[in-house]
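Numbering (full-length UniProt numbering), first residue to last: 1 to 349.
By construction, the Cβ of each residue, glycine as well, lies at the ideal position given by its N, Cα and C atoms.
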């Protein structure tokens with residue numbers, strides 16, 4: 001590890017990118033705990049300063065996948081890769097969108113863990129807790145069962161990929177973004193053929209598109225979404241890269257052209273409010289900004305997977321499923337399945 005660390009930590013002029021094989025070795029040493037905490041911390045800080053290369057990212061993803069417990073549940077699934085450091089200022093549209101997509105026949109994989117640096121915002125697991133679920137009691141098998149009943153799989157990354165749990169204390173101590181903030185979203189727990197992936201800076205569009213092609217995704221959207229997430233904005237256009245069969249192209253989705261543009265109210269978000277808002281949307285109601293945002297994100301994702309021919313068709317399809325109660329029924333099936341193992345008294349009506 002010392003040799004590899006020296007290569008990436010020689011300073012602004014002397015540091016170099018690791019080769020793919022070198023990066024594989026570094027990832028193996030870190031994820032098996034062979035490298036000391038001091039070596040791992042220094043490596044992650046040096047990579048942050050140098051910026052991770054395509055080969056380094058791919059190598060770290062492959063080693064994470066090697067140690068992960070992955071399930072082939074949905075042959076044509078869509079992976080919604082939300083930021084593991086969560087949200088602070090925006091609605092988590094990807095959560096209700098998952099059940100809307102499933103109601104439309106598109107199975108979805110969600111994943112995450114307890115909130116991480118640098119943002120330490122609200123994450124999916126916080127919503128689950130508000131819904132009465134005990135993450136400590138639920139097992140992988142419980143989530144797999146719920147997925148088979150609802151078409152929505154959730155993977156707790158630290159349960160499904162134990163090395164990620166082992167390095168959590170060090171990441172919390174560093175309290176900054178590291179290579180794992182990107183890598184952990186690409187472990188692909190459901191063997192999905194398509195992915196939506198959020199970024200904060202448009203400068204990484206090209207590098208991420210090449211990475212997703214090399215990782216074998218058939219279809220991908222790299223979205224410069226709200227708070228660096230995969231959720232498109234509803235009050236203004238969103239830039240994104242579309243990757244289909246190895247070809248990437250830059251495009252913009254403008255909600256105004258779809259009749260969906262809506263002003264977004266300023267809200268002090270809590271996990272309870274995120275869950276309540278998502279449930280209102282899934283019942284065909286709630287604030288129009290969040291209803292429309294769920295529609296837009298679901299429609300764009302349906303077009304990505306080929307379930308519809310256009311975003312416009314996707315909006316029409318998704319609106320019908322929201323207003324008819326089909327998306328709510330899908331959510332209820334998922335929630336009921338996960339409340340049953342713990343015998344929760346949470347109201348499932």
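Looking at the structure shown, is residue 309 part of a helix, part of a strand, or coil, going by DSSP? coil
Rounded straight-line distance, which links the Cα of residue 289 to that of residue 297: 12 Å
Using 8 Å as the threshold, is the region 98-112 in touch with the region 71-78, meaning 3 or more CB pairs across them? yes
In chain order, what are the residue ranges of uninterrupted beta strand (DSSP E) at least 3 long that sit wholly in the region 144-224? 152-156, 194-198, 219-223
Taking 8 Å as the threshold (C-beta atoms), are residue 67 and residue 169 in contact? no
Comparing C-alpha positions only, which one of 96, 199, 212 sits nearest to residue 193? 212
Does the distance from the C-beta atom of residue 28 to that of residue 4 stay below 8 Å? no
C-alpha distance - residue 33 paired with residue 47, whole-angstrom precision: 18 Å
Would DSSP call residue 48 helix, strand or coil? helix
Between 318, 185, 139, which lies nearest to residue 64 when the distance is taken from Cα to Cα? 185
Segment contact flag, the region 146-157 with the region 188-203, C-beta cutoff 8 Å, min 3 pairs: yes
Assign residue 257 to buried or exposed, taking buried as 16 or more other Cβ atoms, counted over all protein chains shown, within 10 Å of its Cβ. exposed
Among the candidates 247, 226, 203, whose CA atom is the shortest distance from the CA of residue 214? 247
Backbone secondary structure at residue 80 - three-state DSSP: strand
Assess, as a yes-or-no matter, whether the region 192-206 is touched by the region 222-236 under the definition of 3 or more beta carbon pairs within less than 8 Å. yes
Leaving out five residues on either side along the sequence, give the residues of the same chain with a beta carbon under 7 Å from the beta carbon of residue 228. 83, 198, 199, 200
In its own chain, which residues sit with a C-beta less than 6 Å from the C-beta of residue 1, not counting the 5 before and 5 after it? 29, 35, 39
Secondary structure of residue 12, DSSP reduced to three states: coil
Does the Cβ of residue 86 have 16 or more other Cβ atoms within 10 Å, making it buried, or fewer, making it exposed? buried
Sorted by chain position, which residues of the same chain lie with C-beta nearer than 6 Å to residue 149's C-beta, five sequence neighbours on each side aside? 333, 337
Measure the C-alpha to C-alpha separation of residue 341 and residue 335 and round it to an integer number of angstroms. 11 Å
Nearest neighbour of residue 244, chosen from 216, 325, 268 [CA to CA]: 216
Spatially closest choice to residue 176 from 6, 16, 24, 44, by CA coordinates: 44
C-alpha gap between residue 144 and residue 180, whole angstroms: 25 Å
Backbone CA spacing between residue 11 and residue 206 [nearest angstrom]: 25 Å
Contact set for residue 146: own chain, Cβ-Cβ below 6 Å, skip 5 residues either direction: 334, 337, 338
What's the gap between the Cα of residue 300 and the Cα of residue 166? 36 Å
Residue 348 by DSSP, collapsed to three states: which one? Low local confidence applies: a pLDDT of 44 at residue 348 is under 50, so the model's placement there is unreliable, with the coordinate-based value given in what follows. Coil at residue 348, not helix or strand.
Considering only their Cβ atoms, is the gap separating residue 103 from residue 307 smaller than 8 Å? no
Assuming residue 269 and residue 140 form a contact by the criterion Cβ under 8 Å, report the distance between their Cβ atoms to the nearest whole angstrom. Rounded, the Cβ-Cβ distance is 29 Å, inconsistent with contact.
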